[in-house]
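Student:
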Amino acid sequence: MSTENFETIAIRTQSERSQFLEHSTPLYLTSSFVFEDAEDMRASFSEEKQRNIYSRFTNPNTSEFVEKICKMEGAEAGYAFATGMSAVFSTFAALLNAGDHIVSARSIFGSTHGLFTKFLPKWNIETSYFDVNNLDSVEALILPQTKILYAESPTNPAVDILDLERLGQIAKKHNILLVIDNCFATPYLQNPIKFGADLVIHSATKLIDGQGRVLGGVTVGKADLIREIYLFSRNTGPALSPFNAWVLSKSLETLAVRLEKHCENALAVAEFLEKHHNINLVKYPFLKSHPQYDMAKKQMKLGGNVVAFEVKGGLEAGREFLNRIALCSLSANLGDTRTIVTHPASTTHSKLTEADRLEVGITDGLVRISVGLENVADIIADLNQALEY
Ligand SMILES: *Cc1c(COP(=O)(O)O)cnc(C)c1O
Numbered sequence: 006m007s008t009e010n011f012e013t014i015a016i017r018t019q020s021e022r023s024q025f026l027e028h029s030t031p032l033y034l035t036s037s038f039v040f041e042d043a044e045d046m047r048a049s050f051s052e053e054k055q056r057n058i059y060s061r062f063t064n065p066n067t068s069e070f071v072e073k074i075c076k077m078e079g080a081e082a083g084y085a086f087a088t089g090m091s092a093v094f095s096t097f098a099a100l101l102n103a104g105d106h107i108v109s110a111r112s113i114f115g116s117t118h119g120l121f122t123k124f125l126p127k128w129n130i131e132t133s134y135f136d137v138n139n140l141d142s143v144e145a146l147i148l149p150q151t152k153i154l155y156a157e158s159p160t161n162p163a164v165d166i167l168d169l170e171r172l173g174q175i176a177k178k179h180n181i182l183l184v185i186d187n188c189f190a191t192p193y194l195q196n197p198i199k200f201g202a203d204l205v206i207h208s209a210t211k212l213i214d215g216q217g218r219v220l221g222g223v224t225v226g227k228a229d230l231i232r233e234i235y236l237f238s239r240n241t242g243p244a245l246s247p248f249n250a251w252v253l254s255k256s257l258e259t260l261a262v263r264l265e266k267h268c269e270n271a272l273a274v275a276e277f278l279e280k281h282h283n284i285n286l287v288k289y290p291f292l293k294s295h296p297q298y299d300m301a302k303k304q305m306k307l308g309g310n311v312v313a314f315e316v317k318g319g320l321e322a323g324r325e326f327l328n329r330i331a332l333c334s335l336s337a338n339l340g341d342t343r344t345i346v347t348h349p350a351s352t353t354h355s356k357l358t359e360a361d362r363l364e365v366g367i368t369d370g371l372v373r374i375s376v377g378l379e380n381v382a383d384i385i386a387d388l389n390q391a392l393e394y
């Protein structure tokens, strides 16, 4: 049966049934696979046959997970990784050569920033950054040796929205690859390939797992690029474990219903915060007051589960707010069933100078909430009491 419908793809894309005719996909905890005879083995290794050889290369559980993400993102092929960061690193390592150059949004995930500033320069790969609110500045940064244009939307933690179609046009015009980390939106809310992305990366650890259990990552996109990434990964070993792939593939079955509720709760939280007297600013892509509201509406199905806001009183007020939180969790993860509150200026981004923080939209009082699936009245009640400092 062929369908375009997200929920059906998520549930009915399944690895081939075994002789036991199980209903739900079993777990293939096996490091290797056997061959019928010498000829079977030869043909498998020469890739005349498409089949599983060794779980560092492929495994039925990882293949099922990858196939679902490919269908959801409209991608030709993909490869699954142990973490989101191994997906990011392996994508760059497979596609770039010494001397190549990256143009990246300034507001990107912290470890990706670390990769660009601390590690890729060891191989003489440099990165130039553009301000996410000024895409006019992108083209001037592109050099003859630029190979990749990189961005995330919505951004973390300031939930800014980047015009993906515009980035796609710029990449095309300059014949460079557009790579988008689509972690905050998930394939349910946004499909960057439609807007011109060549590759899409996910940390599956976040909303794809959705229950704070396992780590995982995936890169999907054009088949020739995925082939390079696959060959790199087959030799270097960042593969997703079959167990985690099995968990993540099950998680995808409920991604649509979970995201509907996450986004409904997040919008309610954002609307509550917007009216609160102790708040300076609330940013949520589907609030009319968001500076890129129209862009968010154009490229996203719903606003996502992350709300950013600024408490009055700066750094100390942010810390005080966190100390008063009772129900929600103080944790580094996001995209969990449990609502998570973080204060970037005193934690994840405390090593940056205030000027550097401001460049990526992190004011001292900025709080990020990853809105979960608890009853939204309870989430709001907790935030409300914590704001009465
Ligand atoms: C968490 C995250 C990553 C890294 O994923 P891990 O699974 O933690 O390695 C990359 N990009 C974004 C936007 C993230 O939120």
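For the sequence shown, the working numbering assigns the number 6 to the initial residue and increments by one for each residue that follows. Quick reminder that beta carbons are idealized off the backbone N, C-alpha and C, glycines included. Please read all numbers here as calculations on a predicted model, not as lab measurements.
1. I'd like the span of the beta strand (DSSP E) that includes T285, first residue to last.
2. Quick one: which unbroken alpha helix (DSSP H) runs of 4-plus residues sit fully inside the region 214-302? Chain order, please.
3. As an exercise, report each continuous alpha helix (DSSP H) stretch of at least 4 residues that is fully enclosed by the region 8-59, in chain order.
4. On the three-pair Cβ rule with 8 angstroms, is the region 175-182 touching the region 136-156?
5. Tell me which residues share the same chain as P243 and place their Cβ nearer than 6 angstroms to its Cβ, disregarding the 5 neighbours each side in the sequence.
6. With H, G and I counted as helix, E and B as strand and the rest as coil, what does DSSP make of D186?
7. On the three-state DSSP scale, how would you describe R111?
8. Leaving out the 5 sequence neighbours to the left and right, which residues in its chain are closer than 7 angstroms to E72 when beta-carbon positions are compared?
9. Output needed for L278: all residues of its chain with C-beta closer than 6 angstroms, excluding positions within five of it in sequence on either side, in chain order.
10. Measuring alpha carbon to alpha carbon, tell me which of I58, Q216, A163 and V316 ends up nearest T353.
11. Using DSSP's beta-bridge definition, name the partner residues of R362.
12. Smallest Cα separation from L212: which of T259, S246 and L245?
13. Measuring from the CB of A209, is there a heavy atom of ligand 1 at a distance below 8 angstroms?
14. Quick check: what's the CA-CA separation for Y155 versus T30?
15. Please give me, in chain order, every unbroken run of the alpha helix (DSSP H) with length at least 4 that falls completely inside the region 92-138.
16. Between the Cα of R343 and the Cα atoms of T191, S294, H267 and R362, which residue gives the shortest distance?
17. Comparing the CB of I234 with every heavy atom of ligand 1, is any distance shorter than 8 angstroms?
18. Give the straight-line distance between the Cα atoms of Y59 and I14, rounded to the nearest whole angstrom.
19. Just the Cα atoms here: how many angstroms apart are T35 and V252?
20. Does DSSP put V381 in a helix, a strand or coil?
21. Please classify K152 as buried or exposed, where buried requires at least 16 neighbouring CB atoms within 10 angstroms.
22. Please tell me whether, using a cut-off of 8 angstroms, the distance from the CB of T96 to the nearest non-hydrogen atom of ligand 1 is below it.
23. With a threshold of 8 angstroms, establish whether the CB of T224 neighbours any heavy atom of ligand 1.
24. Please state the DSSP three-state secondary structure of S375.
25. Between D361 and A48, what straight-line distance do the alpha-carbon atoms span, to the nearest angstrom?
26. Count the other CB atoms, across all protein chains shown, that sit within 10 Å of the CB of N187; report buried if there are 16 or more and exposed otherwise.
Tutor: This is what the structure holds:
1. A small fix is needed here, since residue 285 is Asn in this sequence, not Thr. Where N285 is concerned, the enclosing beta strand (DSSP E) stretches over I284 to K288.
2. Taking 4 residues as the minimum length, the alpha helix (DSSP H) runs contained wholly in the region 214-302 are 228-241, 247-258 and 260-279, in order along the chain.
3. You should have 11-17 and 43-50.
4. Cβ pair count under 8 angstroms is three or more, so yes.
5. Excluding sequence neighbours, P243 sits near F86, A87, S91 and S95.
6. D186 sits in a strand when the DSSP states are folded into three classes.
7. Secondary structure of R111 (DSSP, three-state): coil.
8. If we look at E72 and ignore the five residues flanking it on each side, its Cβ neighbours are T18.
9. So the qualifying residues of the chain are I284, V287 and F314.
10. Taking only the C-alpha atoms, the option nearest T353 is A163.
11. R362 is not bridged to any residue.
12. When each option's Cα is compared against that of L212, the closest is T259.
13. The answer is yes for A209.
14. When rounded, the distance between both Cα atoms is 35 angstroms.
15. Taking only runs of at least 4 residues, the alpha helix (DSSP H) segments lying wholly in the region 92-138 are 115-119.
16. For R343, the nearest C-alpha among the options comes from H267.
17. For ligand 1, not one heavy atom lies less than 8 angstroms from the Cβ of I234.
18. Each residue's CA atom was taken as its position, placing Y59 and I14 some 27 angstroms apart.
19. About 16 angstroms.
20. It is helical.
21. In the assembly as shown, K152 is a buried residue. Its beta-carbon has 16 or more other beta-carbons within 10 Å.
22. No - ligand 1 has no heavy atom lying nearer than 8 angstroms to the Cβ of T96.
23. Result no, Cβ not under 8 angstroms from ligand 1.
24. Annotated three-state conformation of S375 is strand, per DSSP.
25. Cα to Cα, D361 sits roughly 55 angstroms from A48.
26. Its Cβ being crowded by 16 or more others within 10 Å, N187 is buried.
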